[in-house]
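A.B. asks:
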Amino acid sequence: MDVPLYLRPRVDPPLASLLGAAPFLRSLVDALGSPLNVLLPESVAANAERFRAVYRRHHLAGRVYFAHKANRSSALVRRLAAEAPAAVGVDVASLDELRHALSCGFTGDRVMATGPKDREFLWLAARVGATVNLDSVRELEQLAGLVRKYGLSRVDVLARLSGFESAAGHGGAGTRMLSRRSRFGTPAGEVEGLLAAVERHADAVELTGLAYHLDTTGLEEKGRALEQCVLLMDRCRARGLAPRAVDIGGGFGVGYVADAEEWERWTTALSEAVLGGRPPLTWRGHGYGLRNEGGTVRGSVALYPGHRPDAGPGYLDELLSLPAPVLGRGPGTLLLEHLHDLHIEPGRSLVDQCGLSLARVLDVRRTGEDSETYLVRLGMNAGDVSLEEHGVLVDPVLLPRGGPEEDDEGPVGVHLVGNLCLEADLITRRLVFLPRLPRAGDLLAFVNTAGYAMDFHAHHAQRQPLARTVAVEKEGDSWRWCLDEDYWPITHPGGTPA
Ligand SMILES: *Cc1c(COP(=O)(O)O)cnc(C)c1O
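Numbering (the working numbering) for the sequence shown: 48 to 545.
1. According to the Cβ coordinates, are residue 288 and residue 254 closer than 7 Å?
2. Closer than 6 Å to a non-hydrogen atom of ligand 1 - does that hold for the CB of residue 393?
3. Is the segment 385 to 393 in contact with the segment 431 to 451, if contact means three or more CB pairs nearer than 8 Å?
4. Quick check: what's the CA-CA separation for residue 568 versus residue 515?
5. Just curious, the alpha helix (DSSP H) that residue 143 is in, first and last residue?
6. According to DSSP, simplified to helix, strand and coil, what is residue 195?
7. Could you tell me the distance, in whole angstroms, from the CA atom of residue 476 to the CA atom of residue 468?
8. With H, G and I counted as helix, E and B as strand and the rest as coil, what does DSSP make of residue 473?
9. Closest by CA to residue 99, which one among 276, 174, 397?
10. What is the rounded straight-line gap between the Cα of residue 124 and the Cα of residue 343?
11. Can you pull the DSSP bridge partners for residue 228?
12. Could you check if residue 260 belongs to the surroundings of ligand 1, using beta carbon to heavy atom distance under 6 Å?
13. Using beta-carbon positions only, say whether residue 86 and residue 114 come within less than 7 Å of one another.
14. For residue 234, which of helix, strand or coil comes out of DSSP?
15. Consider the C-beta atom of residue 176 and the heavy atoms of ligand 1; say whether any pair is separated by less than 6 Å.
16. CB of residue 161 to nearest heavy atom of ligand 1: below 6 Å?
17. Alpha carbon to alpha carbon, what distance is there between residue 169 and residue 204?
18. Let's test the definition: count the other Cβ atoms within 10 Å of the Cβ of residue 496 and tell me whether it reaches 16, buried, or not, exposed.
19. Within its chain, find whatever has a CB closer than 7 Å to the CB of residue 105; leave out the 5 residues flanking it on each side and keep chain order.
20. Out of 513, 91, 151, state which residue places its alpha-carbon closest to the alpha-carbon of residue 532.
21. For residue 285, count neighbouring Cβ atoms within 10 angstroms of its own Cβ and tell me buried if that reaches 16, exposed if not.
22. Apply the 10 Å Cβ neighbour rule to residue 228 and answer buried if 16 or more other Cβ atoms are within range, or exposed otherwise.
23. Report the three-state DSSP secondary structure of residue 190 (helix, strand or coil).
24. Which residues bound the alpha helix (DSSP H) around residue 269?
25. Between which two residues does the beta strand (DSSP E) holding residue 178 run?
26. Under the criterion of a Cβ to heavy atom distance below 6 Å, does residue 256 qualify as lining ligand 1?
27. Tell me, please, whether the segment 59 to 74 touches the segment 471 to 485 by the rule of three or more beta-carbon pairs shorter than 8 Å.
28. Would you mind sorting residue 404 into buried or exposed? The rule is 16 or more other CB atoms within 10 Å of its CB.
29. Can you tell me the Cβ-Cβ gap for residue 52 and residue 313, rounded? I've got them flagged as a contact below 8 Å.
30. Which two residues bound the contiguous beta strand (DSSP E) that contains residue 16?
31. Alpha carbon to alpha carbon, how far is residue 370 from residue 110?
32. Taking the alpha-carbon of residue 410 as reference, which of 96, 88, 236, 464 has the nearest alpha-carbon?
33. Helix, strand or coil, according to DSSP, for residue 537 in the structure here?
34. Got a sec: does ligand 1 put a non-hydrogen atom nearer than 6 Å to the Cβ of residue 173?
35. With distances taken from CA atoms, which of 211, 116, 193 is nearest residue 275?
36. Using C-beta distances below 7 Å, list every residue in its chain close to residue 362, excluding the 5 sequence neighbours before and after it, in chain order.
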C-alpha cells in the first residue's frame, strides 16, 4: 500500500487520557451497547473559562452563551449552569431547549432565545425573563402582542441583523456587501424600520443590544460586521434608545485534525484522485465538491477546514485584535471604549474536546476479491456520528479488543459502513486509513463529536438503538461514569458527593 493518508484527530489531555482507558470504554459499550456517546462535563467548563480569559485580556464584560443546539446533553448544560451567572448563559433555539435549560438550573435571565420562534416559545421566554434575540419585525410585533395580552413584564430584546453593507467609497456608487445574506435576522439596511418598531412597542420591549450570527470562518467578514454593529449602536443612542451589548453569535470553530501536513497531503491527494492521477480516495469517486473538467480540477471543496490552529477562544482573541480599517481601532478596543458588553454564542467550540462516540466493529470484509481495501461494518449509522454531514473529515481511533495478532499486516484503507440496509449509510465517504485492520469486536472511537456530530442527526430508522449518553470524570487513576440524565454538578459521576 502507498503511504497511508491519515487524518489523525487532535486529542487534548483529558480526552487523550480517556482514550487511554480502553478497558473502561469497552466495559461501557459491553454494558450500554453500541453506539455510545461519552461526555466530559468538566471540559465544557474548562472551555468556558478559556473564553472568559479572552474577555479578561480585552477587559470586556458580557456573557458566553452556550448554543444548546450543538448537543442535547443534560450533563453539559447542568455543568454550565453551575458556572458564574454573570459569565455563562445559554442560547436556546426551540421551546424544548428553553424548557431543558430551565430544568438544568439556568434562570430565565441567563437565557438568550434565538432563531425563528413560535408563540409558545416567545411566551415562555418572556414569562421567565429571557432575552429575546429578535429575528424580524414580525416577531417583535408578535412578542409585544403577547406581553400586552398576558400582562407580562417588559422583555429585553436584541435586534439580530444580517447582510451588512457599507456605502462604496466616494461618489456613492451604490453599496457593497460586507457579509453574505442570511435567511435569519433583519438586513442591516432595514435597521431603521426595526428601530422604529422597537420604539412603537416601547411599552412591551426594551432594546438591550444588537446581534448577528454569521455562519462563516472568515475573520475579516466578522470583524466588519462587528464594526458595523458598533456604528449602529451609536445610531440607536442618537435615537434615544439605550442598547448596551453587541452579541456576535457563534462560529469560532474547532480544529479537528492534529497535523497541518496530514490535512494538506490529504486535500492535495483528493485533487489528484479527482483527476485520475491516483486511485480514488472516496466511495465511488465522490469528489467533495471537486470535479474533473477536461483534466482541470473545478468546483470548490465542501469540507470543514480540518486543521485549524486558530479556532475557539484563539479565534475570538484574533477577531478582537483585528486592525479596523474604518474606525481605526480593533474591535476589542472599540467595544471597550464604547463601554459595550460583548456577548458570544459558541456551540461547536464550547464543546470542543468534550466527548467521543464509540462503535463496535461488527464485520470486516474485502471490497472485492483482489481488493486491498475493506468494508468495516459498525454498530452505528451515519446519523449516530454525523461528522461527514458537516464536512468534518477526521480518523477514528482504533481500540483493539485483544493484543496484536500474527496476521497483523500494518496500515489498511477501509470504508466505514453503518448498520442500515441503505447503500448511502456510510459513516464516511472517504477511504479511512487505520494503523491495522480492525477485527469484529474491536471498538472505533470517533473523537470530538460533542459538537453537532453525536446527536444532531440521530434517528430511529429501522428501530436501530439510539446511542445512550454517559458523563464521565477522572478520579485519581480511574474513571467514573453515570448516565447523562443522572449527572448533576454537585456529585461526581458514580454518585460520590463532590
Ligand atoms: C448555530 C448557532 C450558534 C452556534 O454556532 P457554532 O458554529 O456552533 O458556534 C450561535 N448562534 C446562533 C444564532 C446559531 O444559530
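Quick reminder that beta carbons are idealized off the backbone N, C-alpha and C, glycines included.
Keep in mind the model is a prediction, meaning the values are calculated, not measured.
C.D. replies: The answer reads as follows:
1. Taking 7 Å as the Cβ cut-off, residue 288 and residue 254 qualify as a contacting pair.
2. Yes, the Cβ of residue 393 comes within 6 Å of a heavy atom of ligand 1.
3. Fewer than three beta-carbon pairs drawn from the segment 385 to 393 and the segment 431 to 451 are found closer than 8 Å, and the two stretches are therefore not classed as touching.
4. Shown here, the chain extends from 48 to 545; a query on residue 568 therefore has no answer.
5. Where residue 143 is concerned, the enclosing alpha helix (DSSP H) stretches over 142 to 150.
6. Three-state result, residue 195: helix.
7. The straight-line gap from Cα to Cα measures roughly 16 Å.
8. Residue 473: strand per DSSP, three-state reduction.
9. The candidate whose alpha carbon is nearest that of residue 99 is 397.
10. Taking the straight line joining both Cα atoms gives about 48 Å.
11. Answer is none; residue 228 lacks a bridge partner.
12. For ligand 1, at least one heavy atom lies less than 6 Å from the Cβ of residue 260.
13. The answer is no: Cβ separation not under 7 Å.
14. It is a strand residue.
15. No heavy atom of ligand 1 is found nearer than 6 Å to the CB of residue 176.
16. Yes, Cβ of residue 161 sits closer than 6 Å to a heavy atom of ligand 1.
17. The alpha-carbon atoms of residue 204 and residue 169 are separated by roughly 11 Å.
18. Buried.
19. Only 367, 379, 383 meet the Cβ criterion.
20. In this structure, 151 is the residue among 513, 91, 151 with its C-alpha nearest to the C-alpha of residue 532.
21. Exposed, because fewer than 16 other Cβ atoms sit within 10 Å of the Cβ of residue 285.
22. Of the other Cβ atoms in all chains shown, fewer than 16 fall within 10 Å of the Cβ of residue 228; this residue is therefore exposed.
23. Reduced to three states, the DSSP call for residue 190 is helix.
24. Segment 266 to 285, the alpha helix (DSSP H) holding residue 269.
25. Taken as a continuous stretch (DSSP letters only), the beta strand (DSSP E) holding residue 178 covers 178 to 181.
26. Checking the Cβ of residue 256 against ligand 1 gives no.
27. Below 8 Å, too few C-beta pairs join the segment 59 to 74 and the segment 471 to 485 to call them touching: fewer than three.
28. Counting every other CB atom within 10 Å of its CB across the protein chains shown gives residue 404 a total of 16 or more, marking it as buried.
29. 5 Å between Cβ atoms; contact.
30. Outside the displayed span of the chain (48 to 545) sits residue 16, for which this structure offers no information.
31. Straight-line Cα distance between these residues: approximately 24 Å.
32. Per the Cα distances, 464.
33. In the structure shown, residue 537 sits in coil (DSSP, three-state: anything other than H, G, I, E or B).
34. Residue 173: no, Cβ never under 6 Å from ligand 1.
35. Taking the Cα of residue 275 as reference, the smallest distance to any Cα among 211, 116, 193 is reached at 211.
36. Around residue 362: 299, 300.
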